[in-house]
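Reviewing the structure listed below.
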Amino acid sequence: MMRDFLWEGSGKGKRDHLVRWEIVSRPKSQGGLALGNIVKRNIDLTGKWLWRFALERDSLWYAIIKSKYGLQANGWDAQTSSRISARSPWKFTSQGLDRFLEFTSLSVGKGDRVRFWEDHWRGDASFCSLFPRLYRLSLAHNASISSMVSIESQSFRWDFKFFRNLNERESSNLASLLNILEGFSLSLFIPVKRVWIADSSGVFSCKSYFEKLIGSSHILSCFPSDLIWKARVPLKVKVFAWTVFYKGINTNDKFQGGGHFFLHAHSGASCIGRQLKLLIIYFYIVRGLYVMAEAV
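If you want the working numbering, it's the 1-based position in the sequence shown plus 407.
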């Protein structure tokens, strides 16, 4: 419906869809118009509530969700709802928890609220996913960091509570784990908090989450985003230039060929080819005329 309205408006009759919807739905920085993809947009918006749930522990809505569904083993998130009911809006929200947690980490603080194996607090992922064999050998499942470390002679000593001695391969994995843990220290005066690793600020934003859900694309890596969207020209001119870039204008050559031309990954040379050069020249001319008109 959104695709049809974009290209056909409210008028009658069918019109060509000039650019693929896959491109249209991407953020402007990735060459799209930031339209469409309602499913991922809804997932993106539910991420805001998953983020707030771990922060607003004193709020009434947190208490209601916690009492109704209970908490995950990590102590940060609510249990996923399995009840099929229109009166259970948390069901849809909680369905995106696993995807949401891929972009979160935890600052350790004293280490009493962060699980050593299951939570992501150091490295690229949780240790139970990075070292599954060691995790299976440990008796300290769901144990906090502080319960697995002791300080001896101003250095940390880890007790992983393996139920048997390690073989050569497992010892190699343990060496890799200890290498990741090198330089670690507990912070007694810094509170434990959740960190949003998809943004440099460490704070959740719908924009950064949506960009992660959409994913980057090498197909659009050569799109001149700043040239088009930051130019001082009317929006219609910008959209026209955007359509030209993707060869979506119904030119005579296009009608004669009877086909649609789109930018593909193997046509990287076209990004610096004649059409892009003509687009840049055209844009500078239009922008110059528009600036002159404003000055009159």
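Where a beta carbon is used, it is the ideal one built from N, C-alpha and C, also for glycine.
Sequence-distant residues of the same chain with beta carbon closer than 7 Å to residue i, five excluded per side
{"i": "G439", "result": "I430, V431, S432, R433"}
{"i": "E618", "result": "P434"}
{"i": "I552", "result": "V515, G518, V521, F523"}
{"i": "N574", "result": "none"}
{"i": "S612", "result": "D606"}
Residue i versus residue j: straight-line alpha-carbon distance, rounded
{"i": "D606", "j": "L442", "result": "22 Å"}
{"i": "R543", "j": "D526", "result": "15 Å"}
{"i": "R522", "j": "Q437", "result": "37 Å"}
{"i": "D484", "j": "E559", "result": "34 Å"}
{"i": "F570", "j": "S579", "result": "17 Å"}
{"i": "D505", "j": "I635", "result": "37 Å"}
{"i": "F563", "j": "L585", "result": "11 Å"}
{"i": "K455", "j": "K614", "result": "11 Å"}
{"i": "L546", "j": "N572", "result": "13 Å"}
{"i": "K645", "j": "V426", "result": "15 Å"}
{"i": "G530", "j": "A648", "result": "43 Å"}
{"i": "L642", "j": "F596", "result": "51 Å"}
{"i": "G482", "j": "S608", "result": "24 Å"}
{"i": "F510", "j": "V640", "result": "37 Å"}
{"i": "F507", "j": "K654", "result": "36 Å"}
{"i": "L593", "j": "A550", "result": "16 Å"}
{"i": "R464", "j": "C535", "result": "27 Å"}
{"i": "K447", "j": "G622", "result": "11 Å"}
{"i": "I587", "j": "W428", "result": "43 Å"}
{"i": "C629", "j": "Y616", "result": "23 Å"}
{"i": "F591", "j": "S474", "result": "36 Å"}
{"i": "E589", "j": "S466", "result": "38 Å"}
Distance CB(residue i)-CB(residue j) smaller than 8 Å
{"i": "V599", "j": "V515", "result": "yes"}
{"i": "S583", "j": "K435", "result": "no"}
{"i": "S512", "j": "W497", "result": "no"}
{"i": "D462", "j": "T500", "result": "For clarity, residue 462 is Leu in the given sequence; the question names Asp instead. Cβ distance not < 8 Å, so L462 and T500 don't count as in contact."}
{"i": "F460", "j": "I471", "result": "no"}
{"i": "R540", "j": "E577", "result": "yes"}
{"i": "I450", "j": "L620", "result": "yes"}
Continuous alpha helix (DSSP H) stretch holding residue i: start and end
{"i": "F617", "result": "613 to 621"}
{"i": "R464", "result": "That residue, R464, is in no alpha helix (DSSP H); it is neither H nor E in DSSP."}
{"i": "I430", "result": "428 to 431"}
{"i": "I558", "result": "Looking at the DSSP string, I558 is not in any alpha helix (DSSP H); the run it does join, the beta strand (DSSP E), is 556 to 559."}
{"i": "S583", "result": "575 to 588"}
{"i": "T500", "result": "497 to 502"}
{"i": "P539", "result": "539 to 544"}
{"i": "I635", "result": "632 to 636"}
Span of the beta strand (DSSP E) around residue i
{"i": "S562", "result": "562 to 565"}
{"i": "T650", "result": "Unbroken run through T650 is the alpha helix (DSSP H), 642 to 652; no beta strand (DSSP E)."}
{"i": "K600", "result": "600 to 603"}
{"i": "D512", "result": "Note on identity: in this sequence residue 512 is Ser, with Asp being the wrong assignment. Note, S512: beta strand (DSSP E), 511 to 514."}
Nonlocal neighbours in the same chain, by C-beta distance under 8 Å from residue i, ignoring five residues either side
{"i": "V610", "result": "W603"}
{"i": "S503", "result": "The sequence as given places Gly at residue 503; Ser does not occur at that position. Within the same chain, G503 has close Cβ partners I450, T453, G454, L457."}
{"i": "Q486", "result": "Y476, G477, L478, Q479, S501"}
{"i": "W468", "result": "none"}
{"i": "S557", "result": "F563, R564, D566"}
{"i": "S533", "result": "W524, E525, D526, H527"}
C-beta neighbour in chain D for residue i, strict 8 Å
{"i": "L457", "result": "Reference to chain D is not applicable here, since this structure consists of a single protein chain."}
Own chain partners of residue i with C-beta closer than 6 Å, once the 5 adjacent residues on each side are dropped
{"i": "F538", "result": "N580, L584"}
{"i": "K568", "result": "S545, L546, A547"}
{"i": "D566", "result": "M555"}
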